[in-house]
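One structure is given here, and the rest of the page talks about it.
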Amino acid sequence: MNILETKGLYHDFKGLEVLFDVNLEVKEKERHAIIGPNGAGKTTLFNVITGTYHPSRGLVFFKGKEVTGARPHKMARLGMGRSFQLTSTFSRLTAFQNIRLAVLSKKGIRFHLFNKVDKMQDITQETDEILKRINLDRERNLPAGMLSYGKHRALEISLALATDPDLVMLDEPTAGMSRDETHYAVELIRRLTEGKTAVIIEHDMDVVFSLADRITVLHYGQILATGPPGEIKENQAVKDAYLGELET
Ligand SMILES: Nc1ncnc2c1ncn2[C@@H]1O[C@H](COP(=O)(O)OP(=O)(O)O)[C@@H](O)[C@H]1O
Ligand SMILES: [Mg+2]
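Reading the sequence shown from the start, the letters are residues 31 to 278 in this note's numbering.
Next comes the structure, spelled out in C-alpha cells:
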C-alpha cells in the first residue's frame, strides 16, 4: 500500500516552474530517498507535501486520504513528521525542552503551568526515554545551540521522529556533517526509522545507497526514475543526467 502519493503535482514561484507533473509513490514501511541536483525541486516537493505550500496543480494523498494544501500542523496531527534542511530547533531551549515541545505538540497540549502534575510526569518520562534512545541523555540540560554540530543535527532528526509519526520526511539530514558525524547520523536514522516509513532527501550517494529501499530521482522538477538502488544505478537516463556521478 502507498502511504503517500502525489498525483500530477505542479508548483511554480511566480511563473518559475519548479515541479512538473510529479507522481511520487511511497510504500508503507520503506525508506525512500529523493535525490537530484541542487535546485531540482526536492525541498519544494517536501514543502508542498507537508502543507507549507499549496501546489499550483495536482493532489496529495496521505494514508489514502486527500490532504492537498492541508496546513503543516494538521499534517503533523495526521501523523507526518519532518525535519528541515536548515536548523529548526530552538537554540536557547535545552535538548530536553526541545524534545518535550515535540512530544506536547503531537499530543495537542500546550505547555501550561496548570496542567495536571501526573500528565506532565508522563510527558517528562517519555521525553527522557527519547533522549536516551538518541544518546543525548548526558546533554539533556544543555541549550541546543551549545551542542556540537553533529549532535545538534541528531537532535533535529530526533525531533521529527520524537512523536513516532507514521511517515517521517527528512531534508538533507547529513548536510554539513563530517565523515564521522555522517556515519553516526546514518546509524541513528537507520535505528529510528526501523520498520517505519521515511522519505529522505539526501545528496551523499553513500548514504543513499546504504539506507534507501527505493530511490526517486528528481531532475528539473520532474521524476526521471523511481526504483530500488540497483536499478537506479543502471538507469541510463539517470546516468546521463548525473554524468556518471552515481558510479560509486
Ligand atoms: N520561496 C521561493 N521563491 C522563489 N523561488 C524559489 C523558492 N524556493 C525555491 N525556489 C527555486 O525553486 C527551485 C527549486 O528549489 P528547491 O526546491 O530548494 O531545490 P532543491 O531542494 O532540489 O535544491 C530553485 O530554482 C530555487 O531557486
Ligand atoms: Mg533542498
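Where is the CB? At the ideal position from N, CA and C, for every residue including glycine.
When the beta-carbon positions are compared, E211 and Y250 stay at least 9 angstroms from each other. Counting along the chain, the unbroken beta strand (DSSP E) around D42 starts and ends at N32 to F43. Relative to K93, the option among H233, D234 and T36 whose CA is nearest is T36. Taken from the Cβ of T73, at least one heavy atom of ligand 2 lies inside 8 angstroms. Residue environment: R183 is assigned as buried (16 or more neighbouring CB atoms within 10 Å of its CB, all protein chains considered). Counting the other CB atoms within 10 Å of its CB gives F126 a total of 16 or more, which places it among the buried residues.
For A228, the uninterrupted beta strand (DSSP E) segment begins and ends at T227 to I231. For the pair G88 and D42, the CB atoms are not nearer than the 9 angstroms cut-off. Cβ neighbours of T246 within its own chain (closer than 8 angstroms, five residues either side excluded): L54, H62, A63, I64, I65, I253, A255 and T256. Shortest gap from the CB of F43 to any heavy atom of ligand 1: under 8 angstroms. Bridge partners of D201 according to DSSP: I231.
For a cut-off of 8 angstroms, the C-beta gap from S121 to A174 is around 5 angstroms, short enough to register as a contact.
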